[in-house]
Ligand SMILES: N[C@@H](CCC(=O)N[C@@H](CS)C(=O)NCC(=O)O)C(=O)O
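Listed below in C-alpha cells is the structure:
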C-alpha cells in the first residue's frame, strides 16, 4: 500500500512531497480541504488532531509534523541515503539543521511575513537575514549541501523554507544562499513535487 500524504498545495505538505519524490517511493496524495474536500473538518482530525497538513499514513501508522515525517521517511528508506547513520558526527549535524529549519528559520520567516507594519517588517527581515545567513555561511564553508557532498532530508527541510523566502526576495544580497536555493530548485524531485 503506498504511503498516503495528506496534502494541500502551497503548504508545508510540499516539503514532504519533495522528500517522497527524492525517495522515489510510490505515494498517494489525499487532498485536505476544510471547505469540502476529500478530507474535511472532523473526519480529518482523526489523522491530525489540529486539522493541519501535512500528515502521512504509512500502513497503520500515522505521523504528523512535517519535520517528524521527513525524519521518519528518511530512516524508513536507508538505502536512499537521505539520512546519515545514527551516532555519527554527520547525524548530529543533520539533527542540527532540521531543528534549525523548523525552530529557528520558520519562526523568523513567519515574523517577517506577518509583520504588522513596514517598521516591524524591516526589523523582522533583518533578524531573518541573520538567521538564514548562518545557512549561507555553512554552505560556503562546506557545500554544496548542508552535510557537504551528501544531499539529505535536512536540505529538504531547510531548503523548502528558503525556496519560499527566495520568491519573496528574502535571499537577496546573500549570493551563497541564493545559489544553494537555485541548486535545490533544479533537482528533478523538487520539480516533480510541484506538479
Ligand atoms: N509545525 C507544523 C505546522 C503545520 C501547519 O501549520 N500547517 C498549515 C499549512 S502550512 C495548515 O495546515 N494550516 C491550516 C489551518 O491551520 O487550518 C508542521 O510543520 O507540520
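Numbering (the working numbering), first residue to last: 146 to 340.
Glycine included, each C-beta is placed from N, C-alpha and C at the ideal position.
It should be emphasised that the depicted structure is a prediction, and the values quoted were computed from it without experimental measurement.
DSSP beta-bridge partners for residue i?
i: residue 152; result: 176
What separation, rounded to the nearest whole angstrom, lies between the Cα atoms of residue i and residue j?
i: residue 165; j: residue 327; result: 20 angstroms
i: residue 172; j: residue 148; result: 5 angstroms
i: residue 329; j: residue 270; result: 23 angstroms
i: residue 321; j: residue 331; result: 16 angstroms
i: residue 345; j: residue 275; result: The chain is shown from 146 up to 340; residue 345 falls before or after that span and cannot be answered.
i: residue 285; j: residue 245; result: 17 angstroms
i: residue 205; j: residue 252; result: 32 angstroms
i: residue 199; j: residue 221; result: 18 angstroms
i: residue 196; j: residue 336; result: 27 angstroms
i: residue 254; j: residue 310; result: 8 angstroms
i: residue 170; j: residue 263; result: 44 angstroms
i: residue 238; j: residue 155; result: 28 angstroms
Should residue i be listed as close to ligand 1, given that the test is whether its C-beta is under 6 angstroms from any heavy atom?
i: residue 211; result: yes
i: residue 162; result: no
i: residue 104; result: The first residue shown for the chain is 146 and the last is 340, placing residue 104 beyond what the model contains.
i: residue 207; result: no
i: residue 244; result: no
i: residue 198; result: yes
Contact defined as beta carbons within less than 8 angstroms: I believe residue i pairs with residue j. What is the distance between those atoms, to the nearest angstrom?
i: residue 299; j: residue 292; result: 7 angstroms
i: residue 273; j: residue 257; result: 5 angstroms
i: residue 338; j: residue 162; result: 4 angstroms
i: residue 227; j: residue 297; result: 5 angstroms
Please indicate yes or no: does the CB of residue i lie closer than 6 angstroms to some heavy atom of ligand 3?
i: residue 249; result: In the structure on display, ligand 3 does not appear, and the ligands it does have are ligand 1.
Quick check on DSSP: helix, strand or coil for residue i?
i: residue 258; result: helix
i: residue 203; result: strand
i: residue 292; result: strand
i: residue 208; result: strand
i: residue 319; result: coil
i: residue 198; result: coil
i: residue 243; result: helix
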